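So for the sequence shown, numbering that gives the first Met the number 0 puts the first residue at 0; every next one is plus one. For each residue, glycine too, the CB sits at the ideal point set by N, CA and C. Bear in mind the structure is a predicted one, so any value in this text is a computation, not a measurement. A quick write-up on the structure given underneath.
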Amino acid sequence: MAGRSEALRVAFRLEASAPIGGGHAMRCLSLARALADHGADCLFLVNGEAASVVPALAGAACRAVGPEPEAAVAAVRAAWPEGADAAVCDLYRWTAPEERAFAAAARRLLVIDDLATAPHHCDLVLNQNFGADASGYDGLVPPGCRRLVGLDYALLRPDFAALRPAALERRRAVRRAETVLVSLGLTDVGGITGRVCAALATLPDFARAEVVLGPAAPSIGRVRSIADADPRFRCHVGLDDMAQAMLQADAAIGAMGSSSWERCCLGLPTLAVILADNQRPTAQALDASDIVALAGDAAALDDAALRAAIATFLGDTDGLQRLSRAAAALCDGRGAGRVAAVLLDGLP
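Next up, the structure:
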């Protein structure tokens, strides 16, 4: 990159919605921040409702585009007639044909994937999940495609790495789960946040519950009613500083999405709830390795089972310490910087 006078250009194609959630957008925003530290300009190409689902997108350069890859290419060319230096695709519904078309917009394409089940056309593939194996992409990516796999490449904002030493020091002193963080995704699939809070409200084993929801979450009304009746609860809509909230918490009840790695980075013991089919393999693997406690699938959990899982989790002080240590060993929070460096390596 030496000698280049203008900023490098990176285009992101992603979507956020109630069914999809906001995790894809949040991890791309984390990567964009790391790229900006390298002097890159980033453009987000999104579906029409993405900014309402993920308010953090409002601070980024965004353009709404149609679902076909040609619309994304046209948007890149409209912003940068010479095209992008690099592009990032984080879309489950695109595979090799769509990615090949989108690749015309940039000199280099990174695909973010969680499944390793479909072919991809890309120069780099990123699977940041626990247990991901480079060999899982044999036959799915072109020869020469660089494979970035595992939690060394987890896309977290830099504030998580910055708070990690303080968080791990604090965890060592925790003897009881006084403060519980409830964070089950921006879109609150199926109103799961309200169900969790209703179950939690029946238990005496905590002092405070900090509840985080997105602005369109269906549980907002129910959670606010619970908070009005029970002063232990506080409802946060669109919380800006999740890293600080995780630092101050003693335990979490959380979704198995990108936020899993944020909690691991800060050693926050977690009772995990599966909200989508693609989350199940990772959730089960983490549970089997005693890194999270798994409540189960939200759709299959009745209220009694949910309450029992929460009570068991919060009541096991030794278990909380064990989960904290195991989680902290997984992720150092510096993955976004590593991915940014690889993506931009060699670009003039």
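Nearest-angstrom Cα separation, counted from residue j out to residue i
| i | j | result |
| --- | --- | --- |
| D122 | V140 | 8 angstroms |
| D249 | R156 | 21 angstroms |
| P356 | S323 | No answer is possible for residue 356: it lies beyond the span of the chain, which begins at 0 and ends at 347. |
| L147 | R194 | 37 angstroms |
| L305 | A198 | 7 angstroms |
| E168 | H235 | 26 angstroms |
| C144 | L125 | 10 angstroms |
| E69 | F101 | 7 angstroms |
| H224 | D204 | As written in the sequence, residue 224 is Ser, which differs from the His given in the question. S224 and D204: Cα-Cα distance of roughly 20 angstroms. |
| Q283 | E98 | 30 angstroms |
| V75 | P96 | 18 angstroms |
| G266 | V341 | 27 angstroms |
| D112 | A228 | 43 angstroms |
| C264 | R207 | 22 angstroms |
| A35 | A63 | 21 angstroms |
| T201 | V53 | 31 angstroms |
| A287 | A242 | 26 angstroms |
| R171 | Q320 | 8 angstroms |
| A1 | G82 | Low confidence applies here, because A1 scores a pLDDT of 46, under 50, leaving its location unreliable; read the following figure in that light. Whole-angstrom Cα-Cα distance: 20 angstroms. |
| N277 | N128 | 11 angstroms |
| A29 | R174 | In the sequence on display, residue 29 carries Ser and not Ala. For S29 and R174, the distance between alpha carbons rounds to 32 angstroms. |
| L180 | A254 | 11 angstroms |
| S218 | L185 | 11 angstroms |
| A115 | V72 | 25 angstroms |
| R92 | P230 | 43 angstroms |
| D344 | L7 | 11 angstroms |
| C196 | G314 | 17 angstroms |
| D365 | P142 | Since the first residue of the chain shown is 0 and the last is 347, residue 365 is not available in this structure. |
| P280 | E5 | 43 angstroms |
First and last residue of the uninterrupted beta strand (DSSP E) at residue i
| i | result |
| --- | --- |
| R76 | Run containing R76: none in the beta strand (DSSP E); it sits in the alpha helix (DSSP H), P68 to A78. |
| L44 | A39 to V45 |
| V188 | That residue, V188, is in no beta strand (DSSP E); it is neither H nor E in DSSP. |
| A250 | A250 to A254 |
| V87 | A85 to D89 |
| I290 | Premise fails: I290 is in no beta strand (DSSP E) and is neither H nor E. |
| I19 | No beta strand (DSSP E) holds I19; DSSP gives it neither H nor E. |
| A271 | T269 to I273 |
Spatially closest choice to residue i from the options, by CA coordinates
| i | options | result |
| --- | --- | --- |
| V110 | A104, A103 and T94 | T94 |
| G21 | S182, P203 and F232 | S182 |
| A176 | G345, T316 and L265 | T316 |
| A339 | A6, I19, H37 and A15 | H37 |
| A348 | G149, G314, T201 and A49 | In the structure as shown, the chain starts at 0 and stops at 347, and residue 348 therefore has no counterpart that could be examined. |
| R163 | S259, Y136 and G332 | G332 |
| A59 | V45, R170, A242 and N128 | V45 |
| S259 | F159, S218 and R233 | F159 |
| E261 | A275, I273, M245 and A307 | M245 |
| A104 | P118, A85 and V179 | A85 |
| L90 | G189, W79, H120 and P80 | H120 |
| G130 | G47, D151, D137 and W79 | D151 |
| R32 | S16, A299, A55 and E48 | A55 |
Unbroken alpha helix (DSSP H) run spanning residue i, endpoints
| i | result |
| --- | --- |
| H23 | G22 to D36 |
| D116 | It is worth fixing the name first, because residue 116 is Thr in this sequence and not Asp. No alpha helix (DSSP H) contains T116, which DSSP labels as neither H nor E. |
| R262 | S258 to C264 |
| S323 | T316 to A327 |
| R169 | P157 to A172 |
| A59 | Unbroken run through A59: none, as it is neither H nor E. |
| A49 | A49 to V52 |
| L246 | M241 to Q247 |
| R221 | I219 to A228 |
Residue(s) in a DSSP beta bridge with residue i
| i | result |
| --- | --- |
| V341 | In DSSP, V341 forms no bridge with anything. |
| L300 | Bridge partners of L300: none, in fact. |
| A198 | Note: A198 sits in no beta bridge, so no partner. |
| V236 | L212 |
| L7 | A39 |
| T178 | R207 |
| R92 | R92 pairs with nothing; no bridge assigned. |
| N126 | V148 |
| R12 | L44 and C88 |
For the pair the stretch 287 to 304 and the stretch 211 to 226, tell me if three or more CB-CB distances fall below 8 angstroms.
no
Can you find at least 3 beta carbon pairs, one from the stretch 4 to 11 and one from the stretch 34 to 50, that sit closer than 8 angstroms?
yes
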